[in-house]
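To start, the structure itself, in structure tokens.
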Amino acid sequence: MTIDEQLEYLRKGCAEIISEKELRSRLEECARKRRPLRVKAGFDPTAPDLHLGHTVLLRKMKHFQDLGHTAVFLIGDVTGLIGDPSGRNTTRPPMTREQILENAETYKKQVFKILDPDRTEIRFNSEWLLELGTLGMIELCSQTTIAQLLEREDFTQRYRQGKPISLHEFLYPLTQAQDSVALKADVELGGTDQKFNLLLGREFQATHGQPRQIVATVPILEGLDGTQKMSKSLGNYIGVDEPPEVMYRKVMQASDELMFRYYELLTDLSLREIAKLKQGAADGSQHPMDLKHDLAARIVTDFHGREGASKGGDAFRRVVQDKQVPDSMPEMSLPVEMRGASVIRLDKLLRAAGLASSGAEANRKLRENSVSVNGAKHRDMSYEVPEGVSELVLKLGKRWARVRLPS
RNA sequence: GGACGGGUGGCCGAGCGGUCAAAGGCAACAGACUGUAAAUCUGUCGGGCUACGCCCUACGAAGGUUCGAAUCCUUCCCCGUCCA
Numbered sequence: 001m002t003i004d005e006q007l008e009y010l011r012k013g014c015a016e017i018i019s020e021k022e023l024r025s026r027l028e029e030c031a032r033k034r035r036p037l038r039v040k041a042g043f044d045p046t047a048p049d050l051h052l053g054h055t056v057l058l059r060k061m062k063h064f065q066d067l068g069h070t071a072v073f074l075i076g077d078v079t080g081l082i083g084d085p086s087g088r089n090t091t092r093p094p095m096t097r098e099q100i101l102e103n104a105e106t107y108k109k110q111v112f113k114i115l116d117p118d119r120t121e122i123r124f125n126s127e128w129l130l131e132l133g134t135l136g137m138i139e140l141c142s143q144t145t146i147a148q149l150l151e152r153e154d155f156t157q158r159y160r161q162g163k164p165i166s167l168h169e170f171l172y173p174l175t176q177a178q179d180s181v182a183l184k185a186d187v188e189l190g191g192t193d194q195k196f197n198l199l200l201g202r203e204f205q206a207t208h209g210q211p212r213q214i215v216a217t218v219p220i221l222e223g224l225d226g227t228q229k230m231s232k233s234l235g236n237y238i239g240v241d242e243p244p245e246v247m248y249r250k251v252m253q254a255s256d257e258l259m260f261r262y263y264e265l266l267t268d269l270s271l272r273e274i275a276k277l278k279q280g281a282a283d284g285s286q287h288p289m290d291l292k293h294d295l296a297a298r299i300v301t302d303f304h305g306r307e308g309a310s311k312g313g314d315a316f317r318r319v320v321q322d323k324q325v326p327d328s329m330p331e332m333s334l335p336v337e338m339r340g341a342s343v344i345r346l347d348k349l350l351r352a353a354g355l356a357s358s359g360a361e362a363n364r365k366l367r368e369n370s371v372s373v374n375g376a377k378h379r380d381m382s383y384e385v386p387e388g389v390s391e392l393v394l395k396l397g398k399r400w401a402r403v404r405l406p407s
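Per our numbering, residue 1 is the first one in the first sequence, and the count goes up by one each step.
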């Protein structure tokens, strides 16, 4: 590939590259010296469950790997070792070495669904940050100013609104910048919300006499609600480890608008191809639902292969569109304390089956006429089991459970 | 160290002695509608109890005043602003 083609390839799906000119000359330089670029991205050790939001970044890293460069997957374990107090409502207990390594293993398993293991270096920032010591830490702090840190938008905002900012949050960009120095990163990738931290890395590298890393930001992926960023705690995520049926269904739940966003950030289709699809949906020549099926199939294929995609698609058509009973659902036996009675308390059973978080909730749902038993809506909390029935198939909203009755 | 303001349900935010399981909004869940969605409309939204009623736990924490406290008092913890 020519340098121009490489640039083109790397640019797709990036929000911003600082700067393209530097990236070009760095690519040229590396081609000359036959040295791969070191492309860094940092991850939090406390949340080892990756979702599609993370994969936007990972896909970009993969693109660098495709061109022969090295991905440096940095696990920010120092925060984990301290017991990060951010969030404030609950102080998280410090994680042990073992837990962190365990999380790292989980990461690997998930990350290598996208990244090429042979071109990936996994590192922990405790390697160098713990060695800094107090003097090193103070020295680190002397490299920037409060005014500069306050330039970061979320800090400014919080400061203006009188919301607390703990000191360690100020330290975080510093350590991240120091990571770039320690790793001699050529490129650092991050979400657009990371821009400030990434840029600080450039400055720190410069004061250490290193060439400044190129910063590439990727857009933050919106979650299934279409507005907030995808995150596990908001519940609007699609996890990379989720079973194909679930993944497929979740993609189908995205709004039409969001669908094109996902096309852009989660598939390898070119912008031109995506524009064509959009046009098709607008003029009616393409049904949006078909496009969404196609998207779901593409995404599921990335993580579960073609087989997973067709499995997910079949399940979706059967269960959601045709309202059939899914062929797999959580199963359980009738709880011991409920056996022997001729009448079953549905509210208690729904809770036991995990379809409702409490008896009160189950009861509400019953009254809302949201519960069906063996295909028929039922709104009374007591249920008389008909003759010859050996199992109860419960449905509450999208969720199902099968309860085997003692014979 | 001092002065002042504040801590309410997942979040925001009213309430400032009873009628408060706590207005309103957001989020969430469910139902209708649909293309699966989105939008819209409707219902629900602490927990327990065979229950349209009773009980328990909740308004930073612990005590107290009162027939009665999210609301008043005391102490403590936490956050913010300003002054040192």
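Think of the CB as a built atom: it goes at the ideal place given N, C-alpha and C, for glycine as much as any other residue. In this text the structure is predicted, and so the values were computed from the model without any measurement.
Sequence-distant residues of the same chain with beta carbon closer than 7 Å to residue i, five excluded per side
i	result
E368	none
N89	Low per-residue confidence applies at N89: pLDDT is 40, beneath 50, and the placement is therefore not dependable, though the value from the model is reported in the following sentence. Same-chain partners within the cutoff: there are none.
Cβ-based neighbour list, residue i, same chain, cut-off 6 Å, excluding 5 preceding and 5 following
i	result
L67	Q6
F43	I75
P335	A352
A309	A297, V300, T301
F73	T120, I122
S285	none
V319	P326
L277	L291
I18	V215
Distance cut-off 7 Å: residue i Cβ against heavy atoms of the ligand NAP
i	result
E102	With respect to the ligand NAP, the structure shown offers nothing to examine, as it has no ligands at all.
Candidates the options, of which the one nearest residue i by Cα
i	options	result
H208	L198, Q143, K33, E307	Q143
D186	V371, E28, K377, A360	E28
E16	R152, V181, T192	T192
A71	D118, L291, A296	D118
H168	F155, Q161, S180, H287	F155
L355	M289, S370, A41, S342	S370
L50	H63, T106, K21	T106
E127	C14, K276, T79	T79
K292	S372, L57, A254	A254
D327	R261, K311, P219	K311
L396	R404, E384, L350, Q99	L350
M61	G53, E22, T120	T120
L394	L405, L37, S372, H287	S372
H63	L189, T301, R35, E153	L189
N374	G340, K348, G359, Q324	Q324
Q110	T55, D314, S285, K229	T55
D290	R317, G305, F112	R317
R339	K365, E307, V320, V385	V385
R306	Q205, P244, I214	P244
First and last residue of the uninterrupted beta strand (DSSP E) at residue i
i	result
V373	371 to 373
K395	391 to 396
K232	Neither: K232 is in no beta strand (DSSP E) and is coded neither H nor E.
L50	Careful: L50 lies outside any beta strand (DSSP E) and carries neither H nor E.
G162	Note, G162: premise wrong, no beta strand (DSSP E); not H, not E.
A401	399 to 404
K40	38 to 43
E188	187 to 191
Delimiting residues of the alpha helix (DSSP H) encompassing residue i
i	result
Y237	Taken as a continuous stretch (DSSP letters only), Y237 belongs to no alpha helix (DSSP H), as it is neither H nor E.
S255	First-last for S255: undefined, no H or E at that position.
R339	Per DSSP, R339 belongs to no alpha helix (DSSP H) and is neither H nor E.
R472	Because the chain spans 1 through 407 in this model, residue 472 falls outside it and cannot be assessed.
T134	126 to 141
V111	97 to 111
V300	288 to 315
I220	Note, I220: premise wrong, no alpha helix (DSSP H); not H, not E.
T207	195 to 207
G280	271 to 283
Own chain residues within Cβ distance below 8 Å of residue i, not counting five before or after
i	result
I3	R24, L27, E28, A31
M1	Y9, L67
E264	G13, L271, I274
F450	What the structure shows of the chain is the stretch from 1 to 407, and residue 450 is not part of that stretch, so it cannot be assessed.
R261	L221, E222
G87	Annotation note: pLDDT 43 at G87 (below 50); position unreliable, no value reported.
I100	P45, I75, D77, G80, L81, F124
E20	L7, R11
Expected contact under 8 Å - CB spacing of residue i and residue j to nearest Å
i	j	result
R487	E391	Absent from the structure is residue 487, since the part of the chain shown begins at 1 and ends at 407.
L200	A182	Contact doesn't hold; Cβ gap of about 14 Å is too wide.
V246	F303	The Cβ separation is near 11 Å, so there is no contact.
L52	L266	6 Å
D256	P288	5 Å
M332	A353	6 Å
D77	P45	5 Å
L140	L130	No, L140 and L130 are not in contact; Cβ-Cβ is about 13 Å, not under 8 Å.
Counting pairs of beta carbons, one from the segment 232 to 245 and one from the segment 172 to 185, are three or more of them closer than 8 Å? With a cut-off of 8 Å, the segment 172 to 185 and the segment 232 to 245 do not count as touching, because too few Cβ pairs lie within range.
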